[in-house]
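>
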Amino acid sequence: MEEKGLTPEVAPVAEQQVDNTEVAVETAVETPQVSDAQAEDSQTEPANEYAGKSKAELVEMLATALAERAVQQLRTTVEAIKINFYKLHRADVETARASFVEAGGNGEEFTPESDELEVKFKGLISDYRTKRDEYVANIETEKENNYKAKIAIIEEIKELTNSGETLNNTFTTFRELQNRWKEIGIVPQEKIKDLWDTYHHHVENFYNFIKINKELRDLDLRRNYEAKLVLCEEAEALMLEPSAVNAFHKLQKLHEQWREIGPVSLEFKDQIWERFKEASTRVNKRHQDYFDGIKEEQERNLQLKEELCIKVEEFLNQPFTTRREWSDASDAIAEIQKVWKTIGFAPKRENTVIYERFRAACDKFFEAKREYFGGLKSELDDNLQVKVDLCIQAEAISESEDWKAATDAIIELQKKWKQSGAVARKYADDVWKRFRAACDKFFERKAEHFNNVDSKFNENLEAKKQLLKELAEALEDKANLTFDKIKEFQRRWSEVGFVPIKYKEAIANEYKELVDKIFAHLRAGEGERRIERFKERITSIKDGGKGRIGSERDKLFNKVRGLEDDIKVWQNNIGFFARSKNADALVKEVEKKIAKAKAEIAETIEKIKMIDNN
Numbered sequence: 031m032e033e034k035g036l037t038p039e040v041a042p043v044a045e046q047q048v049d050n051t052e053v054a055v056e057t058a059v060e061t062p063q064v065s066d067a068q069a070e071d072s073q074t075e076p077a078n079e080y081a082g083k084s085k086a087e088l089v090e091m092l093a094t095a096l097a098e099r100a101v102q103q104l105r106t107t108v109e110a111i112k113i114n115f116y117k118l119h120r121a122d123v124e125t126a127r128a129s130f131v132e133a134g135g136n137g138e139e140f141t142p143e144s145d146e147l148e149v150k151f152k153g154l155i156s157d158y159r160t161k162r163d164e165y166v167a168n169i170e171t172e173k174e175n176n177y178k179a180k181i182a183i184i185e186e187i188k189e190l191t192n193s194g195e196t197l198n199n200t201f202t203t204f205r206e207l208q209n210r211w212k213e214i215g216i217v218p219q220e221k222i223k224d225l226w227d228t229y230h231h232h233v234e235n236f237y238n239f240i241k242i243n244k245e246l247r248d249l250d251l252r253r254n255y256e257a258k259l260v261l262c263e264e265a266e267a268l269m270l271e272p273s274a275v276n277a278f279h280k281l282q283k284l285h286e287q288w289r290e291i292g293p294v295s296l297e298f299k300d301q302i303w304e305r306f307k308e309a310s311t312r313v314n315k316r317h318q319d320y321f322d323g324i325k326e327e328q329e330r331n332l333q334l335k336e337e338l339c340i341k342v343e344e345f346l347n348q349p350f351t352t353r354r355e356w357s358d359a360s361d362a363i364a365e366i367q368k369v370w371k372t373i374g375f376a377p378k379r380e381n382t383v384i385y386e387r388f389r390a391a392c393d394k395f396f397e398a399k400r401e402y403f404g405g406l407k408s409e410l411d412d413n414l415q416v417k418v419d420l421c422i423q424a425e426a427i428s429e430s431e432d433w434k435a436a437t438d439a440i441i442e443l444q445k446k447w448k449q450s451g452a453v454a455r456k457y458a459d460d461v462w463k464r465f466r467a468a469c470d471k472f473f474e475r476k477a478e479h480f481n482n483v484d485s486k487f488n489e490n491l492e493a494k495k496q497l498l499k500e501l502a503e504a505l506e507d508k509a510n511l512t513f514d515k516i517k518e519f520q521r522r523w524s525e526v527g528f529v530p531i532k533y534k535e536a537i538a539n540e541y542k543e544l545v546d547k548i549f550a551h552l553r554a555g556e557g558e559r560r561i562e563r564f565k566e567r568i569t570s571i572k573d574g575g576k577g578r579i580g581s582e583r584d585k586l587f588n589k590v591r592g593l594e595d596d597i598k599v600w601q602n603n604i605g606f607f608a609r610s611k612n613a614d615a616l617v618k619e620v621e622k623k624i625a626k627a628k629a630e631i632a633e634t635i636e637k638i639k640m641i642d643n644n
């Protein structure tokens with residue numbers, strides 16, 4: 031509703047022949063009626079009511095809504111379900127597209143398979159639109175009939191001026207006509223002003239004609255004034271309505287009631303109208319600001335998405351020549367895609383265009399990556415053959431009982447494995463599991479052999495049970511429990527040596543449980559507890575030979591390398607948004623990841639130092 035439409039007609043000249051009382055007859059307030067589309071479903075629903083639902087659930091919810099609710103109450107529901115359904119549907123299509131491209135297909139040739147749920151959903155949407163169109167058509171017919179009925183009432187009011195009845199009967203008939211007028215619904219928008227001008231013209235003529243006595247007319251004017259005061263208060267209270275949209279719709283109903291109420295005394299006419307108009311202006315401004323805010327947010331989203339498109343398109347011009355460069359670029363684009371998913375809708379007219387631009391750039395990059403790795407197939411096949419040969423050698427050695435020589439041989443094979451290069455992803459897990467199984471088999475046989483042949487293991491078991499008893503007693507006597515005392519227990523535990531293999535896990539779990547309780551009591555930090563546990567682990571595996579210690583050190587070293595690579599990628603991602611004033615939250619999130627990774631690196635390096643010092 032525009033403020034310029036809220037101007038009352040200039041008060042008519044007072045009729046001096048009716049007890050010298052001035053009667054202000056107001057014309058129609060030129061406020062736009064709520065359109066049928068806007069009138070539908072004025073009760074808003076929570077935007078997240080349908081989030082997390084599956085496509086099948088959304089289809090069922092739409093079918094239930096169509097069956098149980100009136101069509102004029104469904105617009106918000108249908109739009110919310112439709113947005114969530116096609117968000118899931120597009121995600122399914124993009125997943126299928128990604129799988130198609132990953133399998134070697136051309137992204138531009140991808141055609142999604144028919145979705146039975148989408149077919150059913152479109153059918154329900156079609157049913158809704160048919161019902162809505164029928165409803166709107168009925169409303170338009172009703173408006174026209176209402177218009178004709180009000181024209182007939184105007185004609186009856188005109189006839190009253192020619193009536194020969196008594197004043198009381200004439201005034202009673204006039205009141206009945208006014209009540210009938212109020213009971214008739216809305217009329218076509220384009221006919222409102224002329225209709226109300228004509229109506230008030232003949233109402234004024236009627237007042238002039240019947241020369242109603244001053245007392246009765248003043249009572250009527252005062253009653254109208256009081257009714258309009260109530261409407262002013264209700265309009266002012268709309269600023270407390272949580273929903274700007276609901277407040278706007280309620281205001282339209284108040285304006286309809288305002289028009290139905292008769293004139294007020296001329297001395298109050300401008301005053302009460304200005305009060306009602308001022309409240310209306312505030313509600314209208316709030317309504318406009320609400321939609322302006324949505325528009326501004328969508329414009330910001332469009333700007334962010336354009337920046338992401340530019341970032342992806344910049345990768346298309348980079349001359350990547352190594353697997354590492356392609357991998358780093360893929361990770362960076364994956365991060366950009368994650369950021370894209372966190373950004374809301376762009377303006378409707380640009381939303382599809384910007385999405386197609388982003389998807390095309392991503393598809394083009396991954397197509398180029400696929401072509402590059404296709405050229406590496408021969409190298410990957412050669413690496414696979416080398417790894418298979420290493421598996422065969424490891425499987426042969428796993429049966430050996432020459433423990434020293436076999437251990438050295440297995441360690442040498444593990445070194446060669448690390449140097450053998452990458453293989454195709456579809457073979458990587460299987461060939462690695464085969465090699466690891468052969469190595470594990472040998473070391474398990476070796477451990478079992480030494481556990482079974484050493485008669486001292488039973489003595490070790492009894493010694494560790496005694497230590498567990500002492501630990502339990504120390505835990506009960508919390509007053510004397512210190513870190514130094516716990517470290518002394520750990521030293522004694524590590525000096526005891528192996529126990530029979532069938533008791534190994536149980537005794538270790540009992541020990542670990544007691545130590546964890548003690549550290550929890552001492553409120554040691556999580557990092558310190560991990561270090562202490564790692565010390566125990568070093569002690570337990572160092573008797574397995576340098577191979578196990580070396581393997582553990584290599585694993586930790588590789589973890590540090592991996593975390594350092596992650597930090598480089600994240601720092602590069604920060605550069606993507608450093609120049610964007612709207613990406614502060616994203617930058618902070620990446621900085622948190624970097625800080626966490628650096629803490630892990632520091633802890634892992636500490637573990638490596640512990641291995642080197644043992």
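Counting from 31, one number per residue, gives the positions in the sequence shown under my numbering.
Think of the CB as a built atom: it goes at the ideal place given N, C-alpha and C, for glycine as much as any other residue.
Using only the alpha-carbon positions, how far apart do A359 and D507 sit?
About 58 Å.
> Would you check if there are 3 or more beta carbon pairs closer than 8 Å linking the region 199-219 to the region 170-184?
Yes, the region 199-219 touches the region 170-184.
> I need the DSSP call for S570, collapsed to helix, strand or coil.
In the structure shown, S570 sits in a helix (DSSP, three-state: H, G or I).
> Can you list, in chain order, the residues of its chain with a C-beta nearer than 7 Å to that of W288? Leave out the 5 residues immediately preceding and following it.
Result list for W288: V59, K258, L261, F306, in chain order.
> Rounded to the nearest angstrom, what separates Q491 and E633 at their Cα positions?
Note on residue identity: the sequence assigns Leu, not Gln, to residue 491. Going by the C-alpha atoms only, they are around 33 Å apart.
> Here's the rule I'm using: 16 or more other beta-carbon atoms within 10 Å means buried, otherwise exposed. How should I422 be labelled?
That one is exposed.
> In this structure, does DSSP put V599 in helix, strand or coil?
Residue state, collapsed to three classes: helix.
> When the Cα of I516 is compared with those of A504, C392, F395, which residue comes out closest?
It is A504.
> Shortest alpha-carbon distance to A467 belongs to which of I561, V416, I631, I427?
Taking only the C-alpha atoms, the option nearest A467 is I427.
> Should K280 and E271 be called a contact, given that it needs their Cβ atoms to be closer than 8 Å?
It is a contact, given that the beta carbons lie within the stated cut-off.
> Using only CA atoms, which one of Q601, I187, I440 lies nearest to E474?
Closest option to E474, Cα to Cα, is I440.
> Have a look at E630 and R583 and give me their C-alpha separation to the nearest angstrom.
Between E630 and R583, the C-alpha separation is close to 15 Å.
> Do F151 and L92 have their C-beta atoms closer together than 8 Å?
It is a contact, given that the beta carbons lie within the stated cut-off.
> Suppose you measure from the CA of N238 to the CA of I222; what does that come to, to the nearest Å?
Whole-angstrom Cα-Cα distance: 24 Å.
> Less than 8 Å between the beta carbons of H317 and F278, yes or no?
Yes, the Cβ-Cβ distance between H317 and F278 is below 8 Å.
> Taking Cβ to Cβ, would you say V131 is nearer than 8 Å to E397?
Going by C-beta atoms, V131 is nearer than 8 Å to E397.
> Exposed or buried, what is V383 when buried is set at 16 or more other beta-carbons lying within 10 Å of its beta-carbon?
Result: exposed.
> Compute the distance between the beta-carbons of L586 and I638, then report whether it is under 8 Å.
Result yes, Cβ atoms of L586 and I638 sit closer than 8 Å.
> Sort W303, I340, F375 by Cα distance to I324 and report the nearest one.
It is F375 whose Cα lies nearest to the Cα of I324.
> Give me, in chain order, the residues of the same chain whose beta-carbon lies closer than 7 Å to that of I641; leave out the 5 immediate sequence neighbours on both sides.
Around I641: I568, I579, E582, R583.
> Confirm, please, whether the CB-CB distance from V617 to I604 is below 8 Å.
Cβ atoms of I604 and V617: closer than 8 Å.
> The alpha helix (DSSP H) with D432 in it runs from where to where?
Here D432 belongs to no alpha helix (DSSP H), and DSSP marks it neither H nor E.
> Quick check: what's the CA-CA separation for N175 versus A167?
For N175 and A167, the distance between alpha carbons rounds to 13 Å.
> Classify S295 as helix, strand or coil using the three-state DSSP reduction.
Note: S295 maps to strand in three-state DSSP.
> Excluding the five sequence neighbours on either side, which residues of its own chain have a C-beta within less than 7 Å of the C-beta of F487, listed in chain order?
The residues are N481, F528, V529, P530.
> Between E79 and the ligand NAP, is there a pair consisting of the residue's CB and a ligand heavy atom that are separated by less than 7 Å?
The ligand NAP is absent from the structure shown, which contains no ligand whatsoever.
> How would you write the range of the alpha helix (DSSP H) that F403 sits in, first residue to last?
378-404 is the span of the alpha helix (DSSP H), which, as asked, contains F403.
> Assuming G153 is part of the alpha helix (DSSP H), what are its boundary residues?
First-last of the alpha helix (DSSP H) with G153: 146-190.
> According to DSSP, simplified to helix, strand and coil, what is A625?
A625 falls in the helix class under three-state DSSP.
> With burial defined as no fewer than 16 other Cβ atoms inside 10 Å of the residue's Cβ, what is the status of F513: buried or exposed?
Result: exposed.
> Check each candidate in S408, E566, A391 and name the one with the smallest Cα separation from E138.
With distances taken between Cα atoms, E138 lies closest to A391.
> When you compare only the Cα positions, how much space is there between R252 and D300?
Cα to Cα, the separation comes out at about 15 Å.
> Helix or strand or just coil, what does DSSP make of E271?
In this structure, E271 counts as coil in the three-state DSSP scheme.
> Decide yes or no for the touch test of the region 429-439 against the region 332-341: beta carbon pairs closer than 8 Å, at least 3 of them.
No, the region 429-439 is not in contact with the region 332-341.
> Is it buried or exposed, I187, if we count other Cβ atoms within 10 angstroms and call 16 or more buried?
When all chains shown are included, I187 counts as buried.
> Tell me which residues share the same chain as L410 and place their Cβ nearer than 7 Å to its Cβ, disregarding the 5 neighbours each side in the sequence.
The residues are A452, V453, A454.
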